[in-house]
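Protein chains in written order, with my numbering: chain A, 1151 to 1341; chain B, 2 to 302.
Structure first, commentary second.
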Amino acid sequence: MNKQERTDVELIQAVLAGEFETFAELVERYEKLVFSFLLTRLNDLQEVEDIVQETFIKAFRHLASFDCERRFAAWLLTISRNLLIDSRRKAGRSVASTNLVTEVMLSDSAREFSSQPSEVVVRRERFRSIVAMIQELPEELRTPFLLRVINELPYQEIAEILDIPLQTVKNRIFKARGILRGKRENYENLP
Amino acid sequence: MKTCHENDKLLLFCERGLSEVEQAEFELHLKSCPECSKEVAEINADDALLKEGIAEAFARHRVNNRIMQQIRSEKIIPAQTGKPAQHSWRYFWLSALALLAIIAAANLYTPAAVKYHGQSQGVMVQALNDSAILQGEHMTADQSVKLEALKPIALDGCFLFTVTNGHTSVFKMSGKATVRLSNGQPDFSDSEAVFEFISGAQLTIIVNQQPMQLERKKQSAAAVSTSEIDKPLIRTATTAAELNVIVEGKEEAVPILKPAENASAACNTPQEVTSSESWIDPALAPMKNPFADEPIELNGN
C-alpha cells in the first residue's frame, strides 16, 4: 500500500512501532484543521502557531493512549481546545481583543502584489468583516460552520469529529448561515 | 429587505439541502431573480474569501517543520502508557483467560462443602463417611443429595447439612433421625442424633418438634469434633470453624453480634461488615486520563 493511502490508525501504529518520522504525515493531514480551529478563537497568530505546535507535540507524547476507535481529528481538537483554555487561563483573558489576525493574514500575499491598491483595501475590509461576524457566532455553530467552509468536510465527517448527530450538524450550519445572512444585511445597510 | 418569495430556499440551496428537483428549480430561478442571484454570489464569494484568507495565513504560519524539529531535537518519544485500543480485544481475551484460570484454581482449592453455597436456596445433605445410611442404604463418603420438601428421609450416621436460604449455614448431624424440609428449614423427627454447628450464619432447626438454635461456639479449638469426618473434609470443616471463631472473637470486642440477638439479625450483620469493608473510598479513585476517553465538547469556550 502506498504510504499516502495509509489510514490514521496505521500511521499511529507505525509511529508507536518506532517510525517517529511518520508522525509528519499526521501533522500534514491535520495541521490546517487545528490551525483554522484556533484561528477564529485567537487573534494573535504567534499564539495560534504555538498552540498548534503544542497540540501536536502533546498528541505525539500521548499517542499510546489514543483510542483508535475514535477519530484522530476529534482527539486533536480536544487537546487543542484544552490547551487554548489553559492558555487563556494563564493569560487571564477570555478572547484577545486585537485584530492582529486580519491585519497579518492578508498582508504581503502574492495575490495582493498583483492587485490594485483599492482592490486590496476592499478585500481586506471584507475579510475583516467576515472574520468579525464569524467570531460573534456561538461556539457550537462556529465550529461546524468553519469545518464545512474552510476544511470543506462533508457533514458526516463533521458529525464524527464533533461527536454530534448528523442532523444536528446540518441544523447548526444552516443556523450559522442564517445568522451570518442577517449580519451581512446589517453590515451592508451601514452608512 | 428581501422581497423574493423564493428567498427562504436560498440558504438551503447554498448548503445543497434541497432535493435534486428543487435544487434545479432554484438554479433556474436564479437566472431570472437578480436579488437571489446577488445574494448567492455574495455568500459564495464570502466563503471563498474566508477559505482563501485562512489558507494564505496557514501557508505563512505553518509549524509542521517546527513540530518535527522539536520531536527530533528533544528526542521526544511517545509515552508507553498503553497500546492503541484496537488491541483491546487481545487484552480482553488474555484477561478473560487469566480470570478463568483463577476461578478454576480457586474452585480446586474450595472445600467440598462450600461448593453448595452457590445455590440461593435449598438444603444439601452430604455423607461424611461410608457408614452413613440414607433410607436404609449405605452411602459413599462425600455423596450428597438435595433434601426435597415433604419427603421424610431416614438418616443414620454422620452427615453434613448445608442450608442455603439467602445465607449459608453448615452443620453436622451424628446419629439417627428422620428429616424433611419444613418452611425451607430441616425438620428432624424421631431424632437421637447430635447436632454441631460448623460454619456460616446462625441457624434454627426443628428437632423433635422443638426449635434448636445452632450457633458458633465460643473460642475453643475443641469446639468442633472432627473425629468422624474423613480426612479432606476434616480439614475443611476445622479450618472453616476456626476462622469463624476468630471472627467471632473480633465481634465480641465490638459488640455487633450478641448471642441474645435473633437469628435474622445475626445473619445480616456479618454480611454488612464484609460489604462495608469492600467499599472503595471515592477519594482514592484513580485520576482520569485526560486524553483517553474524553468526549469532545466544543459547545462554548
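The beta-carbon is built from N, C-alpha and C at its ideal position, and this holds for glycine as well.
Values in this document were obtained by computation on a predicted structure and should not be read as measured data.
Test item: CB-CB of residue i and residue j under 8 angstroms
{"i": "B/ILE77", "j": "A/PHE1222", "result": "no"}
{"i": "A/ILE1300", "j": "B/GLU16", "result": "no"}
{"i": "A/VAL1281", "j": "A/THR1157", "result": "no"}
{"i": "A/PRO1288", "j": "A/VAL1319", "result": "no"}
{"i": "A/VAL1177", "j": "B/ILE103", "result": "no"}
{"i": "B/ASN45", "j": "A/ALA1174", "result": "no"}
{"i": "A/ALA1167", "j": "A/ASP1313", "result": "no"}
Other residues of its chain near residue i: CB distance less than 7 angstroms, five sequence neighbours each side excluded
{"i": "A/LEU1188", "result": "VAL1198, ILE1201, VAL1202, SER1230 and LEU1234"}
{"i": "A/SER1186", "result": "LEU1296, ILE1300 and ASN1301"}
{"i": "B/CYS37", "result": "CYS5, GLU7, ASN8, LEU11, HIS30 and LEU31"}
{"i": "B/ALA49", "result": "none"}
{"i": "B/ALA194", "result": "MET174, SER175, GLY176, LYS177 and ALA178"}
{"i": "B/PRO212", "result": "THR205"}
{"i": "A/LEU1316", "result": "TYR1305, GLN1306 and ALA1309"}
Same chain only: Cβ atoms within 6 angstroms of residue i, ignoring 5 sequence neighbours per side
{"i": "B/GLN127", "result": "SER145 and LEU161"}
{"i": "A/GLU1155", "result": "none"}
{"i": "B/VAL208", "result": "PHE189 and SER192"}
{"i": "A/ILE1308", "result": "PRO1294, LEU1297 and VAL1319"}
{"i": "A/GLU1310", "result": "ARG1221"}
{"i": "A/GLU1275", "result": "none"}
{"i": "A/LEU1330", "result": "MET1283"}
Spatial neighbours of residue i in its chain, beta-carbon cut-off 8 angstroms, leaving aside the 5 residues before and after
{"i": "B/VAL41", "result": "LEU11, PHE14, CYS15 and LEU31"}
Within-8 angstroms CB hit, residue i to chain B
{"i": "A/ALA1309", "result": "no"}
{"i": "A/GLN1306", "result": "no"}
{"i": "A/ALA1241", "result": "no"}
{"i": "A/SER1230", "result": "no"}
{"i": "A/GLN1285", "result": "no"}
{"i": "A/VAL1271", "result": "no"}
{"i": "A/ARG1211", "result": "yes"}
{"i": "A/LEU1316", "result": "no"}
{"i": "A/ALA1214", "result": "yes"}
{"i": "A/VAL1198", "result": "yes"}
{"i": "A/ILE1329", "result": "no"}
{"i": "A/ASN1336", "result": "no"}
{"i": "A/LYS1333", "result": "no"}
{"i": "A/LEU1222", "result": "The question names Leu, but residue 1222 of chain A in the sequence shown is Phe. No, A/PHE1222 does not count as interfacial toward chain B."}
{"i": "A/VAL1319", "result": "no"}
{"i": "A/ARG1156", "result": "no"}
{"i": "A/ARG1322", "result": "no"}
Neighbour flag for residue i against chain A, beta carbons, 8 angstroms
{"i": "B/ILE309", "result": "This structure cannot speak to residue 309 of chain B, because chain B is shown only from 2 to 302."}
{"i": "B/GLU16", "result": "yes"}
{"i": "B/ALA58", "result": "yes"}
{"i": "B/ALA86", "result": "Note that B/ALA86 scores a pLDDT of 49, beneath 50, so its modelled location is shaky; the value from the coordinates is reported in the next line. Yes, because at least one Cβ of chain A sits closer than 8 angstroms to the Cβ of B/ALA86."}
{"i": "B/GLU7", "result": "no"}
{"i": "B/HIS328", "result": "Here chain B comprises residues numbered 2 to 302, so residue 328 of chain B is not present and cannot be evaluated."}
{"i": "B/LYS52", "result": "yes"}
{"i": "B/ASN1", "result": "Given that chain B is displayed from residue 2 to residue 302, the structure contains no residue 1 of chain B and the question cannot be resolved."}
{"i": "B/MET69", "result": "yes"}
{"i": "B/LYS289", "result": "With a pLDDT of 33 at B/LYS289, under the threshold of 50, the predicted position of this residue should be treated as unreliable, and no value is reported."}
{"i": "B/ASP143", "result": "no"}
{"i": "B/ASP48", "result": "yes"}
Whole-Å CB distance - residue i paired with residue j, under 8 angstroms assumed
{"i": "B/LYS177", "j": "B/LEU156", "result": "7 angstroms"}
{"i": "A/ILE1214", "j": "B/PRO187", "result": "It is worth fixing the name first, because residue 1214 of chain A is Ala in this sequence and not Ile. Not quite, the Cβ-Cβ distance comes to about 59 angstroms (not below 8 angstroms), so this is no contact."}
{"i": "A/SER1279", "j": "A/TYR1337", "result": "6 angstroms"}
{"i": "A/ILE1207", "j": "B/GLN71", "result": "6 angstroms"}
{"i": "B/SER170", "j": "B/ALA133", "result": "The pair is not a contact, with the Cβ atoms about 20 angstroms apart (cut-off 8 angstroms)."}
{"i": "B/ILE199", "j": "B/THR179", "result": "In fact, because the Cβ distance is near 21 angstroms, the residues do not count as touching under 8 angstroms."}
{"i": "A/LEU1195", "j": "B/HIS62", "result": "6 angstroms"}
{"i": "A/LYS1325", "j": "A/LEU1291", "result": "6 angstroms"}
{"i": "B/GLU23", "j": "A/ARG1334", "result": "Rounded, the Cβ-Cβ distance is 23 angstroms, inconsistent with contact."}
{"i": "B/THR165", "j": "B/GLN122", "result": "6 angstroms"}
{"i": "A/CYS1218", "j": "A/VAL1159", "result": "5 angstroms"}
{"i": "B/MET125", "j": "B/LYS147", "result": "6 angstroms"}
is_contact[residue i, chain D] using C-beta, thresh 8 angstroms
{"i": "B/PRO79", "result": "Absent here is chain D; the protein component of the structure consists of chains A and B."}
Inset, instruction - Anything in the segment 1170-1189 of chain A with a Cβ closer than 8 angstroms to a Cβ of chain B? List those residues in chain order, please. - result: PHE1170, GLU1171, PHE1173, ALA1174, VAL1177, GLU1178, GLU1181, LYS1182, PHE1185, SER1186 and LEU1189
Inset, instruction - Please list the residues of the segment 1290-1302 of chain A that have a C-beta atom closer than 7 angstroms to any C-beta atom in chain B, keeping them in chain order. - result: GLU1290, THR1293, VAL1299 and ILE1300
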